[in-house]
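What follows is a set of notes on a single structure, which appears directly below.
Numbering (the numbering used here), first residue to last: 3 to 179.
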């Protein structure tokens, strides 16, 4: 009976020792997100990212970048060591984390925005994706086939006769001294 009592109370005691403050939650989540991304584990990073980051940034990396990265390079640039610096709670739903990432090839200092989503802190990293990447595979294949079909033929460029850009005088620009 004593053993059963200990087995029930021990996990409860350990859980009560865990720091569940917003700052601690932000730090743990930021670390897990940065560690997963630093080791090119996009699927793992999704667990620590907000909806917008998952649907834009992580999808872009997983579908448009990862298939083209050299696996030998990826192996040579892992593991990643993440050191969390300052954690600043900005308001009830946003925070900022500074970090240092060290891999066998690179050193990087950065900042990670965090957002509270559905009561949990999540990484918020939304990148601007060039329009060309919004094309689906069929559109990209069609465009590539059009370029291939030129077979060395010279492209005919038309002269642009639209309005010319304004000329800016360098003496009206602010001084950089």
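Here a beta-carbon is modelled for each residue, glycine too, at the ideal position from N, C-alpha and C. In this text, all values refer to a predicted model and were calculated from it rather than measured experimentally.
- Bounds of the alpha helix (DSSP H) holding residue 73 are 73-78.
- Where residue 28 is concerned, the enclosing alpha helix (DSSP H) starts and stops at 24-40.
- As far as DSSP is concerned, residue 126 takes part in no beta bridge.
- Annotation: residue 97 is outside any alpha helix (DSSP H); the continuous beta strand (DSSP E) that includes it extends over 96-104.
- Bridge pairing for residue 114: 99 [DSSP].
- Counting every other CB atom within 10 Å of its CB across the protein chains shown gives residue 113 a total below 16, marking it as exposed.
- In chain order, 24, 25, 28 and 97 place their CB closer than 8 Å to the CB of residue 91, counting only its own chain and leaving out the 5 sequence neighbours on each side.
- Straight-line measurement puts the Cα of residue 42 at about 12 Å from the Cα of residue 105.
- When secondary structure is reduced to three states using DSSP, residue 82 falls in the coil class, being assigned neither helix nor strand.
- For residue 46, the enclosing alpha helix (DSSP H) starts and ends at 44-48.
- Shown here for residue 94: same chain residues with a beta carbon closer than 8 Å to its own, the five before and five after excluded, namely 118 in chain order.
- For the set 85, 53 and 110, the Cα lying nearest the Cα of residue 122 is the one of 53.
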